[in-house]
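K.L.:
Here it is, the structure, as structure tokens.
2 protein chains.
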Amino acid sequence: MRGELTAKGKTTRSRIVEGAAAVLREKGVASATLDDIMARTSTSKSQLFHYFPSGKDELLVAVAQFEADRVLEDQQPYLGCLDSWEAWEQWRDVVIKRYEAQGDRCPLGSLFLQVGRSTPGARAIVIELMCRWQESLAAGIRAMQAAGRLPDELDVDMRAAALLAAIQGGVSILLSTGQSTHLRAALDQGIADLRRAGCAVV
Amino acid sequence: MRGELTAKGKTTRSRIVEGAAAVLREKGVASATLDDIMARTSTSKSQLFHYFPSGKDELLVAVAQFEADRVLEDQQPYLGCLDSWEAWEQWRDVVIKRYEAQGDRCPLGSLFLQVGRSTPGARAIVIELMCRWQESLAAGIRAMQAAGRLPDELDVDMRAAALLAAIQGGVSILLSTGQSTHLRAALDQGIADLRRAGCAVV
DNA sequence: AATACAATGGACTGGACGGTCCATTTTTGA
DNA sequence: TCAAAAATGGACCGTCCAGTCCATTGTATT
Chain A
1 MRGELTAKGK
11 TTRSRIVEGA
21 AAVLREKGVA
31 SATLDDIMAR
41 TSTSKSQLFH
51 YFPSGKDELL
61 VAVAQFEADR
71 VLEDQQPYLG
81 CLDSWEAWEQ
91 WRDVVIKRYE
101 AQGDRCPLGS
111 LFLQVGRSTP
121 GARAIVIELM
131 CRWQESLAAG
141 IRAMQAAGRL
151 PDELDVDMRA
161 AALLAAIQGG
171 VSILLSTGQS
181 THLRAALDQG
191 IADLRRAGCA
201 VV
Chain B
203 MRGELTAKGK
213 TTRSRIVEGA
223 AAVLREKGVA
233 SATLDDIMAR
243 TSTSKSQLFH
253 YFPSGKDELL
263 VAVAQFEADR
273 VLEDQQPYLG
283 CLDSWEAWEQ
293 WRDVVIKRYE
303 AQGDRCPLGS
313 LFLQVGRSTP
323 GARAIVIELM
333 CRWQESLAAG
343 IRAMQAAGRL
353 PDELDVDMRA
363 AALLAAIQGG
373 VSILLSTGQS
383 THLRAALDQG
393 IADLRRAGCA
403 VV
């Protein structure tokens, strides 16, 4: 199956994944049906099962991977060069903008509650996303250390982990309440605490 | 309907809610059926619709309220008396313990992705929970101010919001990856930053 | 005791939806 | 050019499951 995809086949497959992602964002995972996806992507049911032989769950996992890849891409190029406090602020703005635009739709979150424990590979997608995200933040902190703006004895990984958690929490509160105040607080306070760690004598 | 519940009726109703909560925790919202709940609570389908006339969603909302009430209860009495750094540490331990025990089951999170936007009252439950939680944290910070352990010029609400976001994020990462390291980092770093805010000259 | 109403039991239904199957068309590669 | 394999179309099926309906049992109140 996997190596034998024609060029035409590949485009159809990705059309399905992208269309499915759109449908899931609009209708939510729970209420999106294969028929919705067929309608959106102009495909037939046999095509769906041709490209995703083990059915809906396999398609959902593919969509999850697709969405996961977008999360970090959307934060570039800012996330990739956190080497000055101005860069950190710009990145902050992009994150807030992205998630405020997304509103109360969480493609990844809902996907994993649906597919989550049933499909083994699903969790791996989230774990990899979190690792890459945290590593980017850690790289930013190290860049600030290298620039002499942060002390070397900082526990970089722990700070990155805490910051990532704060962002995730801000997003999840945004998802469930519709308000971005917590995301803003998390980012502003997180960056402020990071800066403060530079001068504190503790 | 609502005032006309016999004593017997009330006990049956709460038996349904509690049993349904247990079923949802075990099987997940997506795959839990009314038949599962009937089996667990030794009730018939007519009883379910007798006590929750508008059907499954109404029952799910009731379960959500039930679970939401438990969230803060489980953190007591520690959350209620954050008046020393030792108290903060004890509260930290309880939160970690609770969520590590809960593992990757999130009764509330999944409930809202299921019922969320369809039911109007659902979101209100989460919002109220978040408000009460944040207010408890804010009260703790103010208590520390009153005790002279934190400066008065602290932005209490923002700190409480950021801390709440960090916790939520730690929990949601725990849910999706199965690891509690981020929750621990969020709490430890959050409390440490709070303490540091006491001596920083910024 | 009688009546009214709440509580319970359980059969039945209607539709939604994932998945299967086979026929047909298109592309590939020798 | 011509088979072999991939891509597509779409009818069909089986099951699951929320919700309905009516009959029966229990329980207050007068």
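Going line by line, the protein sequences match chains A and B. The first sequence: position 55 = 55 (the working numbering), numbered continuously. The second sequence: position 155 = 357 (the working numbering), numbered continuously. Positions of the beta carbon are idealized from the N, C-alpha and C atoms, including for glycine. Note that this is a predicted model, so its numbers are computed, not measured.
Give the single residue among A/E4, A/R132, A/D93 and A/A62 whose Cα lies nearest to the Cα of A/G19.
P.N.:
Taking only the C-alpha atoms, the option nearest A/G19 is A/A62.
K.L.:
Where do the N-terminal and C-terminal ends of the alpha helix (DSSP H) with B/T405 fall, by residue?
P.N.:
What is shown of chain B runs 203 to 404, which leaves residue 405 of chain B out entirely.
K.L.:
Between B/T379 and chain A, is there a C-beta pair that is closer than 8 Å?
P.N.:
Chain A, which has a Cβ nearer than 8 Å to the Cβ of B/T379, makes this yes.
K.L.:
Examine chain B for any beta-carbon lying closer than 8 Å to the beta-carbon of A/L164, and answer yes or no.
P.N.:
With 8 Å as the cut-off, A/L164 counts as an interface residue toward chain B.
K.L.:
Of the residues that make up the segment 326-360 of chain B, which ones have a beta carbon closer than 8 Å to any beta carbon in chain A?
P.N.:
Listed in sequence order: V328, I329, M332 and M360.
K.L.:
Relative to the C-alpha of A/F52, which residue among A/L34, A/S42 and A/A39 is closest?
P.N.:
Checking every option, the nearest Cα to that of A/F52 belongs to A/L34.
K.L.:
For the putative contact between B/D276 and B/L377, defined by C-beta atoms under 8 Å, what is the C-beta separation to the nearest angstrom?
P.N.:
16 Å between Cβ atoms; not a contact.
K.L.:
Cβ closer than 7 Å: which chain A residues qualify as neighbours of B/S312?
P.N.:
Within 7 Å Cβ-Cβ: L113.
K.L.:
State the Cα-Cα distance for the pair A/A87 and A/Y78, rounded to the nearest angstrom.
P.N.:
Taking the straight line from one Cα to the other gives about 7 Å.
K.L.:
Please report the Cβ distance between A/A124 and A/F112, rounded to the nearest whole angstrom; I am assuming they are in contact, meaning their Cβ atoms lie under 8 Å.
P.N.:
Actually they are not in contact, since the Cβ atoms of A/A124 and A/F112 sit about 11 Å apart, beyond 8 Å.
K.L.:
Looking only at its chain, what residues have a beta carbon closer than 8 Å to the beta carbon of B/L366, apart from the 5 residues adjacent to it on each side?
P.N.:
Hits under 8 Å: M332, W335, Q336 and L339.
K.L.:
Report yes if the C-beta distance between B/A399 and B/L356 is below 8 Å; otherwise report no.
P.N.:
Contact flag set, yes.
K.L.:
For my contact list, A/D193 and B/D395 are in at a C-beta cut-off of 8 Å; report their separation, rounded to the angstrom.
P.N.:
A/D193 to B/D395, Cβ: 4 Å. Contact.
K.L.:
By the three-class DSSP mapping on this structure, what secondary structure does B/D395 have?
P.N.:
Here B/D395 sits in helix by DSSP.
K.L.:
Could you tell me how far apart the beta carbons of B/G371 and A/I167 are, in whole angstroms, since I believe they sit closer than 8 Å?
P.N.:
The pair is a contact, with the Cβ atoms about 6 Å apart (cut-off 8 Å).
K.L.:
Return no unless some Cβ of chain B is closer than 8 Å to the Cβ of A/G169.
P.N.:
With 8 Å as the cut-off, A/G169 counts as an interface residue toward chain B.
K.L.:
Among B/V219, B/H252 and B/S256, which residue has its Cα nearest to the Cα of B/I239?
P.N.:
Checked all of B/V219, B/H252 and B/S256; the closest Cα to B/I239 is B/V219.
K.L.:
Would you check if the distance between the CB atom of A/V115 and the CB atom of A/A64 is smaller than 8 Å?
P.N.:
Their beta carbons are under 8 Å apart, which means A/V115 touches A/A64 by this criterion.
K.L.:
Can you confirm whether the segment 144-153 of chain A touches the segment 342-359 of chain B when touching is taken to mean that 3 or more C-beta pairs between the two stretches lie within less than 8 Å?
P.N.:
Judged by Cβ distances under 8 Å, the segment 342-359 of chain B makes no contact with the segment 144-153 of chain A, as fewer than three pairs qualify.
K.L.:
If you draw a straight line from the C-alpha of B/G311 to the C-alpha of B/R361, how long is it?
P.N.:
Approximately 24 Å between the Cα atoms of the pair.
K.L.:
Given a threshold of 16 other Cβ atoms within 10 Å of its Cβ, counted over all protein chains shown, does B/V403 qualify as buried or as exposed?
P.N.:
The pLDDT assigned to B/V403 is 44, lower than 50, so where the model puts this residue is not dependable; a value taken from the coordinates is nonetheless given after this. So B/V403 counts as exposed.
K.L.:
Is A/E100 near A/S46, with beta carbons less than 8 Å apart?
P.N.:
No, these two residues do not count as a Cβ contact at 8 Å.
K.L.:
Which one of B/S216, B/S256 and B/S374 has the shortest CA to CA distance from B/I298?
P.N.:
Here the closest residue by C-alpha is B/S374.
K.L.:
For A/G121, which of helix, strand or coil comes out of DSSP?
P.N.:
Reduced to three states, the DSSP call for A/G121 is helix.
K.L.:
Measure from the alpha carbon of B/T245 to the alpha carbon of each residue in B/G211, B/S256, B/A232 and B/E228, then state which is nearest.
P.N.:
For the residues B/G211, B/S256, B/A232 and B/E228, the minimum Cα distance to B/T245 belongs to B/G211.
K.L.:
For chain B, find out if any of its Cβ atoms is closer than 8 Å to the Cβ of A/A64; answer yes or no.
P.N.:
Taking Cβ atoms only, chain B never reaches closer than 8 Å to A/A64, which makes this a no.
K.L.:
Could you give the distance in angstroms between the alpha-carbon of B/T213 and the alpha-carbon of A/V94?
P.N.:
Near 51 Å, if we compare the C-alpha coordinates of A/V94 and B/T213.
K.L.:
Could you check whether A/R13 and A/L5 sit closer than 8 Å to each other, using their CB atoms as the reference points?
P.N.:
Yes.
K.L.:
Of the choices B/C308, B/V328, B/A363 and B/A364, whose alpha-carbon is the least far from that of B/E228?
P.N.:
Comparing Cα-Cα distances from B/E228 to each of B/C308, B/V328, B/A363 and B/A364, the minimum goes to B/C308.
K.L.:
Tell me where the alpha helix (DSSP H) around A/V32 begins and ends.
P.N.:
It should be noted that the sequence gives Ala, not Val, for residue 32 of chain A. Note, A/A32: premise wrong, no alpha helix (DSSP H); not H, not E.
K.L.:
Strictly under 8 Å for the Cβ-Cβ distance: is A/Q102 near chain B by that measure?
P.N.:
False, the Cβ-Cβ gap to chain B never drops below 8 Å.
K.L.:
Is A/W85 near A/R195, with beta carbons less than 8 Å apart?
P.N.:
A contact, by the Cβ cut-off of 8 Å.
K.L.:
Have a look at B/H252 and B/L261 and give me their C-alpha separation to the nearest angstrom.
P.N.:
If you take the alpha carbons of B/H252 and B/L261, they lie about 11 Å apart.
K.L.:
Kindly list, in the order they appear in chain A, the residues whose Cβ is closer than 7 Å to that of B/I375.
P.N.:
By Cβ distance, chain A contributes M130, A165 and Q168.
K.L.:
Does A/L183 get closer than 8 Å to chain B when you measure Cβ to Cβ?
P.N.:
Chain B contact via Cβ: present.
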